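Asks: Sharing a structure with you now.
Chains as they are written, first to last, in the numbering used here: chain X, 730 to 1622; chain D, 285 to 397.
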C-alpha cells in the first residue's frame, strides 16, 4: 500500500509540469460529462434550460470541480509557493531601492555572523584532532599562597605522581626548547619537544614512518633518538623514505632518527598560557625525556608541562582529587620543597583556547547585535511598504483570500529576501574570513582549521530562516490586517492603523539606535585599549633596535670561558659594523616569555622559609646593554670590563626592587645571595636602573636583578643592536658577523623591536579591528534606519506640511519640525543605549586595558557620533520636506 | 452540498473500483450515476467529487484511463481496472467480509441465547 501511495505522490510531483495539458483534458472531460447528463435529462423530458441547470447543480459547481481536480493532480502547496516566489521576485524587482538596501543590510548581518561563527567553530568548538579528546587534560602544579594556578611540574614530582596515580590511562611530560640542527645544509634553529615515551601513545598518534619512543629510551645513554615532524622531514631531508636509522646532529650531538610524524600532527600545547610567547605551538622534532631515576634533580625546579588521558568513565574531578591527595603526601614527605604545592587539572581543549575565548565571545555577541539591527532595519522597510500595499491586501481579502494565505505570501517574500541576503552574506563571509586570517596574529590558535564548511553553511541557512522570521513576522501580521472598509474607500487612509504602525516603526528605530550605540561603545573601549597598549612606556627604547638570538650548543662550547669569549668577540665584530651605536647582550629579552624567576636572600635578613623568599627576574647582561636599550641608570655604576671571572660579582637592581626592600635607603653596597647553581656568592649591589615592563605590557613591572654575563656565561643570549640605520638593514651583516666566528652557528628570532611590539599587541589589534568594523556597520544600518523612518514620515505628512506652508510656515520651520521628530527618536535610542552600555560593558572588563568599562569619555564621544550621523540622516528628508509645493500637497491625500 | 449523507473519500474510491469491476470500463459520469443507483439514492454525492477520486486512483495505479466513444458516439474518457486495482479490491473485500463475520458474533440474533 505504501508503494502505491509513493507512486501517487511522485505522479503528483510530475503533474506540476504539465498543468496546462491536464487542465485542457479535464475541461474536455467535464464538457463530455455535462453533455451526457444533459442528454439524459432531455430524454427524461426536461426543458433544455432545466436540463442544463440540473446537470450543473448535480455536478456541484463547474469551477469548484475543476479546482478540486486540479489540486488533486498536482501539489497545490508547492504551486502556491512557486506563485508566491514569482510574485515576490517581481515585487523586489519593481522596487530596486528598497530591495537593494534590504538585501545589503541582511547580507551584512548574515555574512558577519557566518564569518565569526566559522572562526569560533574552528577555534573554540571543534574538538582537538586527537582520538577521544574529551579525555585529554592538562595537569599543572599549583600553589595558592603564591597565587600560581598553572605552574610547571618538577621532574621529581612528575615521576611520583605518575607512579602513584590510578585515574589516568597515561600521563606524559614534555618541555620545549630550541636547538641547533647542523649537518647537511645551513645550520638551522629548530624547535624540539622533549617528551615522555608515553606522549604519542597518550595522544593515540601513530608515526607515519618508523616507530615512536620506547620506555627504555628515557634513560640517559639510550636517549639520543629523534622523531622528525612531517614538515621538517620534507623541508630539510627531502622526504627521504630511507631516513630511519640515519643520524642527525642536534645541539652538537648525534641523534638517530627512529620515526617521522604524520603530516597533520598538532602539538597540544596550551598556547593560551602565555600569549606573548613567540613560539608557535609546533614541534619540528621530538626527543625522549631522559632522566636518571636515582637523581631526579631539585624537586623545586619546575620546568615540565604535563598532559594526561583519563581512563574511560573517570571524571576529571575525581582524577584531580586523587592527584591532590598524592600532592598532599608529597608535601609531608618533602616539606621544604613541596609545602603549599598542590595540583590542578583542566580540560586540554579549554586550555588551548583560553586566551582567545573572551575576545571571540565578545565578537559573537557583537555580530548577533548587528544581525538584530539588520533585521530591525528590514522590518522597518517592510512596514513602510505595508502602507503602500494596503489596497492590494484589502482587495484580495475582499475577494475571499483567507488571512493565512496573505500571511503565507508575505512570509514567502520575507524568506526570499532573506535567501538573497543569505547568499550575498555567504560571499561576504568568505571574503571577510580571508581578510581576518590575513590580519590575525600568529598567536591565535588553530587558524589553519578555519574554513567555511558544511556546518557554517547550515548555520547560515539557519540564521537566514530565523532572520526572515524575525523581520518578516511583524510586518506580515500588520500588512495582512488592513481595515478593508476604510482602505477601499476613496482616498483610503485609515488613521488608526497608520498611527499604530508609525509607533511600531518608531519603536524599532529606537531599538536600532540603542543596539548600535552599544556596539559603538564596545568598539570605542577597544580602541582606547589598543591606544593604551601603544602608549605604554616599556622603560626602554622601541625604535632603531634589532634583536637576534644566538644559542651555542653545549657539545661544542663546554667551558664557560668559551661561551663568554664567543659572545664578546661577536659583540666586538658587530660593534664595528657601520651605523651601529651600541650592542647589548642579554640572557632573556624583556617581554619575551623566556625569563627565569629566582629566589634570593638579603644580607642581614635571613630566609625564614623557602616559600617566603623574595623573588626576582634575573638576567645576565653585557656592560653596554643599558645603553643599547636606552635604559637609565639611576644610581651607582654600570658593569665594566673589570667585572670579569675571578673578580667579585656585582649586581644591578631595578628601582622597584630597591624601593621594596630598602625603602628610603640607598641600596648601593647592600648584598644579596641568589638561589641559582652553586657557588652562591654574596653579590654587592652597584647600581640601580629604571623599571621596565618585563612580563607583559599590561602587567606591572617586576623586581629585576642584572648580573655581568662574563662571570656567569649562558649558552643562549639575545643580541640587541642600537643603530642609526633602519634596523632590518643590519640583519645580514649581523648574521655574517656571528657566522664568521663559527660557520655552523645559526641566528634566529630576528626581529626589530618595533615588530616585537607589534606582535605583543597583535591580539587586541585584531579584536579592535573586527569590533570596529562591526560597529561601523551597525552605525550605518542605524543611520539608514533613521533615514528610512523620517523619509517615510515626511511622505505621510505631506498633506500636513502643505497645510502648514499654506498657513505661512517657512522652509526653516518645516525643516526644524522634521529634524526635531527624528532627533527625538534618536535621543531616546541613545539614552536607552547608554543605559544598556552602562550595565553590559562590565562583561568585557578582561579585554580592557588602561580604560574603565564605564569610561565617560568613550560614552560621550560615541553618543555624539551617533547623534551626528542621525542628524545627517534626518537632514535629507528635512530638505525634501521644504520642497513640498503646498498646492500639490493640499490636493494630494 | 446536499442534506443527505456525504461520502468519505476512501469509501468512494472503493465504490469506484467495485463499479468498474462490475460494469467494466466506464466514464466518470457513468460511474457516478451507477454509484448513486447502487446505493438506492441513499448516498448523495455531487458528481463532481468523482473526479478527484478518479485522478487519485489513477495516480496510484489502480485504474487507467483512455479516450473512447460513448454509446452516442460522444467522445468520453473511459476508466478501467488494472491488475493492481483488482488485487486491491480483492483485499478490501476480504477485509470487509472478515470484519462483518467478527461483528456478526456480537450482534447475536434473538433466538440464540
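The C-beta atom is built at its ideal place from N, Cα and C for all residues, glycine as well.
Just so it is clear, the structure is predicted and the values come from calculations on it, not from any experiment.
What residues of chain X sit near residue 312 (chain D), judged by a beta carbon separation below 7 Å?
Replies: Position 28 of the second chain, counted from the start, is the residue given in the question as residue 312 (chain D). 758 and 762, listed in chain order.
Asks: In the DSSP assignment, find the alpha helix (DSSP H) that holds residue 1643 (chain X) and state where it starts and stops.
Replies: Past the boundaries of the shown model lies residue 1643 (chain X); chain X is included only from 730 to 1622, so the question cannot be answered.
Asks: List the residues of chain X that residue 340 (chain D) touches, going by C-beta distances under 7 Å, in chain order.
Replies: Locating residue 340 (chain D) in the second chain gives position 56, where the first residue counts as 1. Going along chain X in sequence order, the residues near residue 340 (chain D) (Cβ under 7 Å) are 737 and 801.
Asks: Mapping DSSP to helix, strand and coil, what is residue 769 (chain X)?
Replies: The count along the first chain starts at 1 and reaches residue 769 (chain X) at position 40. Helix, per DSSP.
Asks: Just to confirm my understanding: we take residue 1523 (chain X), look at its own chain, exclude 5 residues before and 5 after, and list those with CB closer than 7 Å. What are they?
Replies: Indexing the first chain from 1 puts residue 1523 (chain X) at position 794. Same-chain partners within the cutoff: 1547, 1606, 1609 and 1610.
Asks: Here's a check: name, in chain order, each residue in its chain whose Cβ is nearer than 7 Å to the Cβ of residue 1106 (chain X), leaving out the five neighbours to either side.
Replies: Counted from its first residue, the first chain places residue 1106 (chain X) at position 377. Around residue 1106 (chain X): 834, 1241, 1510, 1513 and 1514.
Asks: Below 8 Å on the Cβ atoms is my contact criterion, and I expect residue 868 (chain X) with residue 900 (chain X) to pass it. Report the Cβ-Cβ distance as a whole number of Å.
Replies: For the purposes of this step, residue 868 (chain X) is identified with residue 139 of the first chain, where counting begins at 1. For the purposes of this step, residue 900 (chain X) is identified with residue 171 of the first chain, where counting begins at 1. Indeed they touch by this definition, with Cβ atoms about 7 Å apart.
Asks: Who are the near neighbours of residue 883 (chain X) in its chain, counting only those whose CB is closer than 6 Å to its CB and skipping five residues on each side?
Replies: What you label residue 883 (chain X) is simply residue 154 of the first chain in a count that begins at 1. Cβ within range, chain order: 1028, 1030 and 1031.
Asks: When DSSP labels each residue in this structure, what does residue 1161 (chain X) get in the three-state scheme?
Replies: Indexing the first chain from 1 puts residue 1161 (chain X) at position 432. Residue state, collapsed to three classes: helix.
Asks: Give me the Cα-Cα distance between residue 1595 (chain X) and residue 1507 (chain X), rounded to the nearest whole angstrom.
Replies: Translated into the one-based positions of the first chain, residue 1595 (chain X) becomes position 866. Translated into the one-based positions of the first chain, residue 1507 (chain X) becomes position 778. Distance between the alpha carbons of residue 1595 (chain X) and residue 1507 (chain X) is about 10 Å.
Asks: Have a look at residue 908 (chain X) and residue 1472 (chain X) and give me their C-alpha separation to the nearest angstrom.
Replies: On the first chain, position 179 is the one that residue 908 (chain X) refers to. On the first chain, position 743 is the one that residue 1472 (chain X) refers to. Approximately 16 Å between the Cα atoms of the pair.
Asks: Just how far apart, CA to CA, sit residue 738 (chain X) and residue 1083 (chain X)?
Replies: In the first chain, residue 738 (chain X) corresponds to position 9, counting from 1. In the first chain, residue 1083 (chain X) corresponds to position 354, counting from 1. Each residue's Cα considered, the two are about 53 Å apart.
Asks: At a Cβ threshold of 8 Å, is residue 389 (chain D) touching chain X?
Replies: Along the second chain, read from residue 1 onward, the residue named residue 389 (chain D) stands at position 105. Output row for residue 389 (chain D): interface = no.
Asks: List the residues of chain D that residue 788 (chain X) touches, going by C-beta distances under 7 Å, in chain order.
Replies: The count along the first chain starts at 1 and reaches residue 788 (chain X) at position 59. By Cβ distance, chain D contributes 330, 331 and 332.
Asks: Give me the residue from X:822, X:958 and X:1089 with the minimum Cα distance to residue 1493 (chain X).
Replies: As a first step, residue 1493 (chain X) must be located in the first chain, where it is residue number 764. Ranking X:822, X:958 and X:1089 by Cα distance to residue 1493 (chain X) puts X:1089 first.
Asks: What residues match up with residue 1451 (chain X) in a beta bridge as DSSP calls it?
Replies: Stepping through the first chain from its first residue, residue 1451 (chain X) is reached at position 722. BP columns for residue 1451 (chain X) point to X:1274 and X:1311.
Asks: Taking all protein chains shown into account, decide if residue 1601 (chain X) is buried (16 or more other Cβ within 10 angstroms of its Cβ) or exposed.
Replies: Start at 1 with the first residue of the first chain, and residue 1601 (chain X) comes out as number 872. By the 10 Å Cβ count, residue 1601 (chain X) comes out exposed.
Asks: Assign residue 1521 (chain X) to one of three DSSP states: helix, strand, or coil.
Replies: As a first step, residue 1521 (chain X) is located in the first chain; it is residue number 792 there, counting from the start. DSSP places residue 1521 (chain X) in helix when its eight states are reduced to three.
Asks: Are the segment 1260 to 1267 of chain X and the segment 1572 to 1589 of chain X in contact at 8 Å, needing three or more beta carbon pairs?
Replies: Enough Cβ pairs lie closer than 8 Å, so yes.
Asks: Between residue 1481 (chain X) and the rest of its own chain, which residues show a CB-CB distance below 6 Å, the 5 nearest in sequence each way excluded?
Replies: The residue given as residue 1481 (chain X) occupies position 752 in the first chain. Cβ within range, chain order: 1275 and 1456.
Asks: Please tell me whether residue 376 (chain D) has its Cβ less than 8 Å away from any Cβ of chain X.
Replies: Counting from 1 along the second chain, the entry for residue 376 (chain D) is found at position 92. Not closer than 8 Å to any Cβ of chain X, the Cβ of residue 376 (chain D) fails to qualify, so no.
Asks: What's the C-alpha gap between residue 1617 (chain X) and residue 1545 (chain X)?
Replies: Numbered from its first residue, the first chain carries residue 1617 (chain X) at position 888. Numbered from its first residue, the first chain carries residue 1545 (chain X) at position 816. If you take the alpha carbons of residue 1617 (chain X) and residue 1545 (chain X), they lie about 21 Å apart.
Asks: For residue 1189 (chain X) and residue 1140 (chain X), I'd like the C-alpha separation in whole angstroms.
Replies: As a position in the first chain, residue 1189 (chain X) is number 460, starting the count at 1. As a position in the first chain, residue 1140 (chain X) is number 411, starting the count at 1. Their backbone Cα atoms lie some 19 Å apart in a straight line.
Asks: State yes or no: is the beta carbon of residue 358 (chain D) nearer than 8 Å to at least one beta carbon in chain X?
Replies: Here residue 358 (chain D) corresponds to residue number 74 of the second chain, with the count starting at 1. It does: the Cβ of residue 358 (chain D) has a partner Cβ on chain X nearer than 8 Å.
Asks: Which residues in chain X have a C-beta closer than 7 Å to the C-beta of residue 344 (chain D)? List them in chain order.
Replies: In the second chain, the residue the question calls residue 344 (chain D) occupies position 60. 733, 734, 736 and 737, listed in chain order.
Asks: Taking 8 Å as the CB-CB cut-off, is residue 354 (chain D) touching chain X?
Replies: The residue you call residue 354 (chain D) lines up with position 70 of the second chain. At least one chain X Cβ lies under 8 Å of residue 354 (chain D).
Asks: What separation, rounded to the nearest whole angstrom, lies between the Cα atoms of residue 745 (chain X) and residue 754 (chain X)?
Replies: As a working mapping, residue 745 (chain X) is identified with position 16 in the first chain. As a working mapping, residue 754 (chain X) is identified with position 25 in the first chain. Whole-angstrom Cα-Cα distance: 15 Å.
Asks: What does residue 798 (chain X) touch in chain D if you count any residue whose Cβ is under 7 Å from its own?
Replies: Taking the first chain and counting its residues from 1, the one referred to as residue 798 (chain X) is at position 69. 335, 336 and 339, listed in chain order.
Asks: If residue 1069 (chain X) and residue 842 (chain X) are in contact, beta carbons under 8 Å, what's the gap, nearest whole angstrom?
Replies: What you label residue 1069 (chain X) is simply residue 340 of the first chain in a count that begins at 1. What you label residue 842 (chain X) is simply residue 113 of the first chain in a count that begins at 1. That belief does not hold up - the Cβ atoms of residue 1069 (chain X) and residue 842 (chain X) are roughly 47 Å apart, past 8 Å.
Asks: Could you have a look at residue 1068 (chain X) and say whether DSSP puts it in helix, strand or coil?
Replies: The count along the first chain starts at 1 and reaches residue 1068 (chain X) at position 339. In this structure, residue 1068 (chain X) counts as coil in the three-state DSSP scheme.
Asks: Between residue 1354 (chain X) and residue 1315 (chain X), how many whole angstroms is the CB-CB distance? I'm expecting something under 8 Å.
Replies: If you number the first chain from 1, residue 1354 (chain X) lands on position 625. If you number the first chain from 1, residue 1315 (chain X) lands on position 586. Indeed they touch by this definition, with Cβ atoms about 6 Å apart.
Asks: Select from X:1366, X:1428, X:1490 and X:1282 the residue whose C-alpha is nearest the C-alpha of residue 1445 (chain X).
Replies: As a working note, residue 1445 (chain X) is residue 716 in the first chain. Comparing Cα-Cα distances from residue 1445 (chain X) to each of X:1366, X:1428, X:1490 and X:1282, the minimum goes to X:1282.
Asks: Using the C-alpha atoms, what's the distance from residue 1292 (chain X) back to residue 1285 (chain X)?
Replies: Here residue 1285 (chain X) is taken as the residue at index 556 of the first chain, counted from 1. Here residue 1292 (chain X) is taken as the residue at index 563 of the first chain, counted from 1. Cα to Cα, the separation comes out at about 10 Å.
Asks: Under 9 Å Cβ-Cβ, which residues of chain D neighbour residue 793 (chain X)?
Replies: Mapped onto the first chain, residue 793 (chain X) falls at position 64. 330 and 332, listed in chain order.
Asks: Taking DSSP as the reference, what is the three-state secondary structure of residue 1221 (chain X)?
Replies: Counting from 1 along the first chain, the entry for residue 1221 (chain X) is found at position 492. Reliability of the predicted coordinates at residue 1221 (chain X) is poor, the pLDDT of 46 falling under 50, and the value obtained from them is presented with this limitation in mind. Residue 1221 (chain X) falls in the coil class under three-state DSSP.
Asks: On the three-state DSSP scale, how would you describe residue 739 (chain X)?
Replies: For the purposes of this step, residue 739 (chain X) is taken as residue 10 along the first chain, with counting starting at 1. Helix.
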